[in-house]
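One structure is given here, and the rest of the page talks about it.
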Amino acid sequence: MNTVIPEEAGFSANKLSRIGTWMQRYVDQDKLAGLIALVARRGKVVYLERVGMMDVEAAKPMQFDTIFRFYSMTKPITTVALMMLYEEGRFQLHDPVSRFIPEFADVKVFAGATEGGFKVTELEREMTIWHLLTHTAGLTYDFSEDSPVDALYLEADLHNVDTPLEEMIHKLNKLPLVHQPGTAWRYSMATDVLGYLIEVISGTLLDVFLKEKVFKPLSMEDTDFYVPEEKLGRFAAMYGPTENGGIELLDAPATSQYTRPPRFLSGGIGLVSTASDYMRFCQMLLNRGELDGTRLLGRKTVELMTINHLPDELIPIQVQPHTLHGCGFGLGFRVLVDVPSAGRLGSKGEFGWGGAASTSFFIDPQEELVGLLLSQLSPSRYYPI
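Residue numbering for the sequence shown follows our numbering, starting at 1129 and increasing by one per position.
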């Protein structure tokens, strides 16, 4: 990574150091095991700091090349890959999903619980690829708790790593939608369906497509669906919060499911990566589709992806239990549309996302900024990370 003195990029080194102080406080209070923070402007890293441990039990300090479970920060990568096919003219945004996965033409919509089951209604409009990209398709997640459909997802065991992606899709489209497509925003497994669309449209397995079309061109050498044996020494442990405010081990590197290639190639939550790899991905987006002379997407495609696509009545978006005030959604990213409503520093048009193990990123085109904050605490809702 190219680094510069903060002042050369318009920053105060003294003020940037407050980030490290803030991170160290979380470690000292036993709320997080360790963190990495990265800030870059105009392609130059102005701040890079690590604190705490990547593996408390093994007494391993956090390293800059530590490999993290990125979970939902997989989604922007999958979306970029799909939009590369869009640029080839392989589909249109408002094509029905059933054009490529015929079973989705027959999906039903949840219409209420009954004694011992539930009732459904017919689709008023077909689910489109745009609905999937914007999380307005009517799908959900098994960890949501405000619809009986969420429990059906949990019962179907849709995230089983030993279930091939195609088989998961067949299980998914037998379940009802939470709402009619296009009528609400709901965080969901939509990007897993997008991952399968990549396979159907390209004729290539998702892991192979991502490696050949995204990771290799961007030199993202440590990003994959699993951690190979020779890299396990760099793989962080994952922790969860305890009732007394501390942390406990949830997933040890040596015994993690990420030590072997999964059969379920999750385009929604499946990837592991590093700070430097993901920074390169973010910089490509900030550069409107290009990095180091390699172009993945056209400038207008990135612009289309990173503007808000939601009508006013669907804003702000909510990922339980948090409301993302001031934020709409583009094609794969939350987008800041109302800075006063957000109640924080930022620029209109800033976009980004996060992951379930307390990873997050933002890209601010107006200020030419990339920011990354990486830890491994699940779930991520406990602290404002």
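Each residue gets a CB set at the ideal place from its N, CA and C atoms; glycine is no exception.
In this text the structure is predicted, and so the values were computed from the model without any measurement.
| Query | Result |
| --- | --- |
| Coarse secondary structure for Thr-1319, derived from DSSP in three states | helix |
| Within 8 Å, strictly: CB atoms of Tyr-1367 and Glu-1376 | yes |
| Nonlocal neighbours in the same chain, by C-beta distance under 7 Å from Met-1407, ignoring five residues either side | Met-1129, Leu-1166, Ala-1168, Val-1498 and Leu-1500 |
| Alpha helix (DSSP H) runs wholly inside the stretch 1238–1280, at least 4 long, in chain order | 1257–1262 |
| Contact check, Pro-1444 vs His-1453, beta carbons under 8 Å | yes |
| Bridge-paired residues (DSSP) for Glu-1406 | The amino acid occupying residue 1406 in the given sequence is Tyr; Glu does not appear at that position. Bridge partners of Tyr-1406: none, in fact. |
| At least three beta-carbon pairs within less than 8 Å, the stretch 1424–1440 to the stretch 1450–1464 | yes |
| Cutoff 8 Å; reference Phe-1139; Cβ partners in own chain excluding five residues on either side | Val-1167, Arg-1169, Val-1174 and Tyr-1175 |
| Glu-1254 versus His-1222: straight-line alpha-carbon distance, rounded | 10 Å |
| Between the CA atoms of Pro-1468 and Ser-1275 - distance to the nearest angstrom | 31 Å |
| Rounded C-alpha distance that separates Leu-1414 from Pro-1493 | 6 Å |
| C-beta neighbour in chain B for Glu-1273, strict 8 Å | Among the protein chains of the structure shown there is no chain B, as only one such chain exists. |
| Bridge-paired residues (DSSP) for Met-1366 | Asp-1379 |
| Start and end residues, alpha helix (DSSP H) containing Lys-1172 | Unbroken run through Lys-1172 is the beta strand (DSSP E), 1172–1183; no alpha helix (DSSP H). |
| Given Asp-1290 as reference, the closest of Gly-1417, Arg-1388 and Gly-1482 once Cα atoms are compared | Arg-1388 |
| Validate contact between the stretch 1308–1328 and the stretch 1356–1365 using beta carbons, cut 8 Å, 3 pairs | no |
| With 16 other Cβ atoms within 10 Å as the buried cut-off, status of His-1450 | exposed |
| Proximity to Phe-1515 [Cα-Cα], best of Tyr-1154, Tyr-1281 and His-1263 | Examination of residue 1515 is not possible in this model, given that the chain is present from 1129 through 1513 alone. |
| Expected contact under 8 Å - CB spacing of Gly-1162 and Met-1190 to nearest Å | 4 Å |
| Glu-1478, buried or exposed, once every other Cβ within 10 Å from all chains shown has been counted against 16 | buried |
| Per-residue burial, Asp-1183 [other beta carbons within 10 Å of its own, 16 or more giving buried] | buried |
| Ile-1229 versus Asn-1301, Arg-1314 and Thr-1422, residue with shortest Cα-Cα distance | Asn-1301 |
| Opposing strand residues paired with Ile-1164 [DSSP bridges] | Arg-1178 and Leu-1502 |
| Three-way DSSP call (helix, strand, coil) for Ile-1491 in this model | strand |
| Length-filtered (4 minimum) alpha helix (DSSP H) runs lying within the stretch 1412–1499 | 1427–1433 and 1467–1470 |
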